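In this note's numbering, the protein residues as written are 220 to 307. So the structure is just underneath, and the comments pick up after that.
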């Protein structure tokens with residue numbers, strides 16, 4: 220199947236975009252337009268303007284979108300952030 224098939228499939232809850240970088244924005248936009256949460260592999264976009272526009276579209280549609288930055292969700296990073304915030 221294609222990404223369009225995945226995006227339109229009612230059995231798919233979340234879309235992961237892990238294609239070549241120049242397709243990330245268009246595929247993420249399609250997922251957002253379909254109301255599907257989307258995880259976009261790095262880079263989110265090829266430039267800051269496209270990234271900002273994509274974030275704005277996700278916010279406007281009230282659809283979760285995240286760049287696939289694994290360290291953001293890594294427990295050790297959360298602990299370091301906690302220690303830094305506590306000034307330990």
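Beta carbons are placed, not taken as given, at the ideal position from N, Cα and C, and that holds for glycine. This structure is a prediction, so every number in the text was calculated from the model and none was measured.
Rounded Cβ spacing between residue i and residue j (contact assumed at less than 8 angstroms)
{"i": "residue 236", "j": "residue 247", "result": "6 angstroms"}
{"i": "residue 315", "j": "residue 231", "result": "The first residue shown for the chain is 220 and the last is 307, placing residue 315 beyond what the model contains."}
Residue i - DSSP class collapsed to helix/strand/coil
{"i": "residue 234", "result": "strand"}
Option nearest residue i by Cα separation, candidates the options
{"i": "residue 250", "options": "266, 221, 262, 265", "result": "221"}
{"i": "residue 286", "options": "265, 299, 230, 227", "result": "265"}
{"i": "residue 241", "options": "230, 261, 226, 277", "result": "261"}
{"i": "residue 243", "options": "304, 267, 259", "result": "259"}
{"i": "residue 245", "options": "292, 263, 229, 300", "result": "263"}
> In chain order, which continuous runs of the alpha helix (DSSP H) of length 4 or greater are located wholly inside the region 236–266?
Replying inline: Correct list: 243–252.
> Below 8 angstroms, can you find three or more Cβ-Cβ pairs linking the region 271–288 to the region 254–261?
Replying inline: Touching, yes.
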